[in-house]
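**Student:**
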Amino acid sequence: MTTNKTKFNQSEAARIVGRVRNTIAAHIKSGKLSAEQDGHGNLVIDQSELLRAYGDDCDFSRVDANSTTELKDQSASAPTAAHAVHAQLSMTEQLLEAQKEERKRERERLQGEIERLEQMLSRSEDRQNKITLLLEDRTRGIGAWEKSFQALERRVAEQEKDLRKKHEEAQQQANRFKRAYQAEKSKTIWQKVFG
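For the sequence shown, position 178 (counting from the first letter as 1) is numbered 176 according to my numbering, and the numbering increases by one without interruption.
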């Protein structure tokens, strides 16, 4: 098979004359070999210029043999590339499924924590109500009991305040996880793969 090409890129020219590409580039730079730009802005060397500069060293059949080998290599690697893409896609889907499961477990854990905090808050409010009733039912003047009840009421109020704060923090954290899950869920598969 012979080539009908009359212009060659630097790699093809290197194969034709039996030299490395860097040598061709150096010869172009020094002026020993002239080159021009094609319509895409790539340097190309005319067949006649190769013959002028290298003479008998030129063997144009080297380009044809190399092109045939490259085509065979490309066609052989196509199924392998498709298999690699399929494997990558499968792995990405598994990763996505694992992330979904992790988010679900995290939501369930946070929901349980919120329920536990709500129960603690309810018990604390009940305790405070009982103490308030005892304080309102006092029959004596200010005495040791009343001071004790006031101190107890302050402690209960502080506990209630702490529990409310923890409840709000847990609620905020649950909302953050929910937003993160929704954002992750709305991404396309390509956004998940490539960030």
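Every residue, glycine too, gets a C-beta built ideally from N, C-alpha and C.
A quick note: this is a predicted structure, and the numbers were derived from the prediction, not measured.
#1: Which residues in the same chain have their Cβ closer than 8 Å to the Cβ of Leu132, if we skip the five residues on either side of it in sequence?
#2: Do the region 2 to 20 and the region 45 to 61 meet, that is, are 3 or more Cβ pairs less than 8 Å apart?
#3: Give a yes or no on contact between the region 104 to 113 and the region 159 to 172, applying the rule of three or more CB pairs nearer than 8 Å.
#4: What's the gap between the Cα of Trp143 and the Cα of Asp124?
#5: Which term fits Arg13, buried or exposed, when burial requires 16 or more other beta carbons within 10 angstroms of its beta carbon?
#6: Helix or strand or just coil, what does DSSP make of Phe58?
#7: Considering only their Cβ atoms, is the gap separating Leu115 from Lys164 smaller than 7 Å?
#8: Which value, in whole angstroms, describes the spacing of the CA atoms of Glu10 and Ala79?
#9: The alpha helix (DSSP H) that contains Val42, what's its start and end?
#10: What does Lys5 pair with, by DSSP beta-bridge criteria?
#11: Looking at Ala168 and Glu111, is the spacing between their C-beta atoms short of 7 Å?
#12: Output needed for Glu151: all residues of its chain with C-beta closer than 8 Å, excluding positions within five of it in sequence on either side, in chain order.
#13: How should Thr66 be labelled, buried or exposed, when 16 other C-beta atoms within 10 angstroms of its C-beta is the threshold for buried?
#14: Candidates Arg121, Val154, Leu161 and Glu100: which alpha carbon is nearest Lys183's?
#15: Taking only the alpha-carbon atoms, compute the straight-line gap between Trp188 and Leu93 and give it to the nearest angstrom.
#16: By how many angstroms is the C-alpha of Val191 removed from the C-alpha of Glu113?
**Tutor:** Put simply:
#1: Position 134 of the sequence shown, counted from the start, is the residue given in the question as residue 132. Counting only Cβ-Cβ distances below 8 Å, and skipping sequence neighbours, we find Phe147.
#2: yes
#3: yes
#4: Start at 1 with the first residue of the sequence shown, and residue 143 comes out as number 145. Start at 1 with the first residue of the sequence shown, and residue 124 comes out as number 126. If I take the Cα positions, the gap works out to 20 Å.
#5: Here the question's residue 13 lines up with position 15 in the sequence shown. Flag for Arg13 reads buried.
#6: As a working mapping, residue 58 is identified with position 60 in the sequence shown. In this structure, Phe58 counts as coil in the three-state DSSP scheme.
#7: Here residue 164 refers to the residue found at position 166 of the sequence shown. Here residue 115 refers to the residue found at position 117 of the sequence shown. Going by C-beta atoms, Lys164 is nearer than 7 Å to Leu115.
#8: What you label residue 10 is simply residue 12 of the sequence shown in a count that begins at 1. What you label residue 79 is simply residue 81 of the sequence shown in a count that begins at 1. Going by the C-alpha atoms only, they are around 26 Å apart.
#9: Here residue 42 is taken as the residue at index 44 of the sequence shown, counted from 1. Not the alpha helix (DSSP H): Val42 falls in the beta strand (DSSP E), residues Leu41 to Asp44.
#10: Start at 1 with the first residue of the sequence shown, and residue 5 comes out as number 7. According to DSSP, Lys5 bridges with Asp44.
#11: Mapped onto the sequence shown, residue 111 falls at position 113. Mapped onto the sequence shown, residue 168 falls at position 170. Taking 7 Å as the Cβ cut-off, Glu111 and Ala168 qualify as a contacting pair.
#12: For the purposes of this step, residue 151 is identified with residue 153 of the sequence shown, where counting begins at 1. Closer than 8 Å at Cβ, skipping near neighbours: Gln126, Ile129, Thr130 and Leu133.
#13: Numbered from its first residue, the sequence shown carries residue 66 at position 68. Note on Thr66: pLDDT 49, under 50, position unreliable in the model; the coordinate value appears next. That one is exposed.
#14: Taking the first residue of the sequence shown as 1, we reach residue 183 at position 185. Ranking Arg121, Val154, Leu161 and Glu100 by Cα distance to Lys183 puts Glu100 first.
#15: Numbered from its first residue, the sequence shown carries residue 188 at position 190. Numbered from its first residue, the sequence shown carries residue 93 at position 95. Their Cα atoms are separated by approximately 13 Å.
#16: For the purposes of this step, residue 113 is taken as the residue at position 115 of the sequence shown. For the purposes of this step, residue 191 is taken as the residue at position 193 of the sequence shown. Distance between the alpha carbons of Glu113 and Val191: 36 Å.
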